[in-house]
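If you count the sequence shown from 1, position 183 lands on 183 in full-length UniProt numbering, and the numbers rise without skipping. Just so you know, even glycine gets a beta-carbon here, dropped at the ideal spot from N, CA and C. Remember, it's a predicted structure, so these values are computed and weren't measured experimentally. Reviewing the structure listed below.
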Amino acid sequence: RLEWHGHNDFHKVHTNAGTAWLYGCDAVNTTLFGFGERTGNPPLEGAIFEYIALKGDLCGIDTMVITELADYMRSIGLPIPENYPFAGRSFNTTRAGIHADGLRRDEQIYNIFDTEKLLGRPPRVAITDKSGADGVAHWVNEFFGLKGEERINKIKIHKLARWVIDQYDEHGRLTAISDQELEAKAKEFFPDYWEKYKGG
Numbered sequence: 001r002l003e004w005h006g007h008n009d010f011h012k013v014h015t016n017a018g019t020a021w022l023y024g025c026d027a028v029n030t031t032l033f034g035f036g037e038r039t040g041n042p043p044l045e046g047a048i049f050e051y052i053a054l055k056g057d058l059c060g061i062d063t064m065v066i067t068e069l070a071d072y073m074r075s076i077g078l079p080i081p082e083n084y085p086f087a088g089r090s091f092n093t094t095r096a097g098i099h100a101d102g103l104r105r106d107e108q109i110y111n112i113f114d115t116e117k118l119l120g121r122p123p124r125v126a127i128t129d130k131s132g133a134d135g136v137a138h139w140v141n142e143f144f145g146l147k148g149e150e151r152i153n154k155i156k157i158h159k160l161a162r163w164v165i166d167q168y169d170e171h172g173r174l175t176a177i178s179d180q181e182l183e184a185k186a187k188e189f190f191p192d193y194w195e196k197y198k199g200g
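Listed below in structure tokens is the structure:
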């Protein structure tokens, strides 16, 4: 029985672990989120998705546990980088309008896999000066839970998109706009949707 043990000295630990499987190793050593000596070890969650991809099947694996483990790690004070694959708070959050447009048109083409189904993490859009009308439209549709024909197109969100741009162009804002700020504006600009989907 062969197993492989590696460290991430050259950012190749995951590639090397997958290659070890492909070349006959029975097992690869992993750690949660790659925490380990020096540069870390192969991340368990990366190995899980690699294994699923190689097998073409979930093989009975409950991938939702990855999100639960990430929440647990944060709760005990072990930070996970925001952009960390599969587990970071922003791993599937886009700030670019062109990406939001791709999500709005066909999530299956844009998103790496069904992150909501496998991790309980739907793709998100952070609203900045780079989001454009497509990003704002995606945020509004997700916020109200609109699907299919009921989704709002970017023409209907003009006032909110203009407000976003003004935050940067007129007020010199540098940070992303929070969900709380956007929710307040959604209530103001879309009172009918607010009444119907948020209950008043």
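Does the region 64-72 come into contact with the region 34-42, if we say contact requires no fewer than three beta-carbon pairs (one atom in each stretch) closer than 8 Å?
no
Exposed unless 16 or more other CB atoms sit within 10 angstroms - verdict on residue 201:
This structure cannot speak to residue 201, because the chain is shown only from 1 to 200.
In whole angstroms, what separates the C-alpha of ALA161 from that of GLY56?
Indexing the sequence shown from 1 puts residue 161 at position 161. Indexing the sequence shown from 1 puts residue 56 at position 56. Rounded to whole angstroms, ALA161 to GLY56 spans 41 Å at the Cα level.
Per DSSP, which residues does THR67 bridge with? Please list them.
Residue 67 sits at position 67 when you count from the first residue of the sequence shown. Note: THR67 sits in no beta bridge, so no partner.
Backbone secondary structure at GLU3 - three-state DSSP:
Start at 1 with the first residue of the sequence shown, and residue 3 comes out as number 3. Here GLU3 sits in strand by DSSP.
Measuring only the C-alpha atoms, how far is ARG89 from SER178?
Locating residue 89 in the sequence shown gives position 89, where the first residue counts as 1. Locating residue 178 in the sequence shown gives position 178, where the first residue counts as 1. Spanning the two alpha carbons is a distance of roughly 14 Å.
Just checking, does the region 107-114 make contact with the region 150-157 on the three C-beta pairs under 8 Å criterion?
no
Please tell me whether ASN141 and PRO122 are closer than 9 Å, where the distance is taken between their beta carbons.
Here residue 141 refers to the residue found at position 141 of the sequence shown. Here residue 122 refers to the residue found at position 122 of the sequence shown. Not closer than 9 Å, so no.
Nearest by alpha-carbon distance to ALA186: which of ALA176, GLN167, ILE157 and ILE165 is it?
Here the question's residue 186 lines up with position 186 in the sequence shown. Answer by Cα proximity: ILE157.
Please name the residue in ASP62, ILE127 and ASP134 whose C-alpha comes closest to that of GLN180.
The count along the sequence shown starts at 1 and reaches residue 180 at position 180. Ranking ASP62, ILE127 and ASP134 by Cα distance to GLN180 puts ILE127 first.
Cβ-Cβ distance between residue 232 and ALA47 below 9 Å
No information on residue 232 is available, as it lies outside the stretch 1 to 200 that the chain covers here.
Got a sec, what are the start and stop residues for the alpha helix (DSSP H) TYR23 sits in?
If you number the sequence shown from 1, residue 23 lands on position 23. That residue, TYR23, is in no alpha helix (DSSP H); it is neither H nor E in DSSP.
In this structure, how does DSSP classify ARG151 when only helix, strand and coil are distinguished?
Mapped onto the sequence shown, residue 151 falls at position 151. Looking at ARG151 - three-state DSSP - the assignment turns out to be coil, as it is neither helix nor strand.
Just grab the DSSP bridge partners of THR31 for me.
Sequence index remark: in the sequence shown, residue 31 carries index 31 (1-based). Answer is PRO43, bridged to THR31.
Host alpha helix (DSSP H) of ARG105 (start-end):
Within the sequence shown, residue 105 is the residue found at index 105, counting from 1. 97-105 is the span of the alpha helix (DSSP H), which, as asked, contains ARG105.
Helix, strand or coil, according to DSSP, for THR15 in the structure here?
As a first step, residue 15 must be located in the sequence shown, where it is residue number 15. THR15 falls in the helix class under three-state DSSP.
Close-in-space but distant-in-sequence residues of the same chain around GLU116 (CB under 6 Å, 5 per side omitted)
Numbered from its first residue, the sequence shown carries residue 116 at position 116. Counting only Cβ-Cβ distances below 6 Å, and skipping sequence neighbours, we find PRO122.
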